[in-house]
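Comments concern the structure below.
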């Protein structure tokens, strides 16, 4: 395809803008990783900002992982991420599939009730009272059950199911397949993009769990990673520890890397499905 001079200029400008945005986006991550691997003396010599360290040390990671609170919090976060995502996907699928069937009795009323919860919620205090009354306080389930279903994700999955070929489902029913068999054998294999997309949404939400842990958890052994990292940063910046605040810069950055890198590492493997699932779920309403 032959392009004119104006097209080449526009393409060059767009590419330059994309490169600039990419650099701006990558720089904070690069700075955090570099600072976590840089000896403290070099950080001081460079005024606190190091992008490409001359020397590398893993002392911050070694000290961080030596703290028993970090591995324990990491284990809690992994548990609520894995188990919570499984619970989320299971319940979301069981709710979205019936709502995607137009022949469902009372479908309009159920959808209205679902949308109502998306616009209005009980608030923090009533939700806390419900969690307390059900005996979930100071348990890992307090960070899983209250957010078992996200209404927005239900609507996205419902929209995706509605876009699947109806002829396949009708043919399966003629062959005598029940609804659960249709769901397992036909619908789910065709729904890999939306399943991976919503699974990533749920997993990231659980991995970054903070608010529910602060509200419902008082036992420090059950704190997830984000709460422990926040407490670590708060202690290092408190007035009581002001003499030790500067030497903990590298430790702070290492804690941020430990908390963020797992989700960053997972995303490239499902990026293709993620983009496809987002597009499909946003086309039809």
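Numbering (the UniProt record's numbering), first residue to last: 1 to 285. Just so it is clear, CB atoms sit at the ideal spot from N, CA and C, and this is done for glycine as well.
Taking the CA atoms as reference points, residue 34 sits about 18 Å from residue 229. A direct Cα-to-Cα measurement between residue 146 and residue 163 gives close to 30 Å. About 11 Å separates the beta carbons of residue 130 and residue 142, which is beyond the 8 Å limit, so they are not a contact pair. When the five nearest sequence neighbours on each side are left out, the beta carbons in the same chain lying within less than 6 Å of the beta carbon of residue 263 are those of 204 and 207, in order along the chain.
Selection 179, 215, 155 and 27 evaluated against residue 139 yields 215 as nearest (Cα-Cα). Taking a contact as a CB-CB distance under 8 Å, the pair residue 91 and residue 149 counts as one, their CB atoms being some 5 Å apart. Fewer than three beta-carbon pairs drawn from the segment 91–102 and the segment 64–81 are found closer than 8 Å, and the two stretches are therefore not classed as touching. In the DSSP assignment, residue 207 falls within the alpha helix (DSSP H) that extends over 192–207. Taking C-beta atoms as the reference points, residue 255 and residue 232 count as a pair closer than 9 Å. With contacts defined by Cβ atoms closer than 9 Å, residue 250 and residue 25 do not form a contacting pair. For a cut-off of 8 Å, the C-beta gap from residue 198 to residue 156 is around 7 Å, short enough to register as a contact. The DSSP assignment places complete alpha helix (DSSP H) segments of no fewer than 4 residues inside the segment 115–139 at 124–133, in order along the chain.
Contact between residue 169 and residue 186 holds: their C-beta atoms lie close to 7 Å from each other, under 8 Å. Counting other Cβ atoms within 10 Å of its Cβ, residue 153 reaches 16 or more and is therefore classed as buried. If you look at residue 101, you'll find it isn't in any alpha helix (DSSP H); DSSP assigns it neither H nor E.
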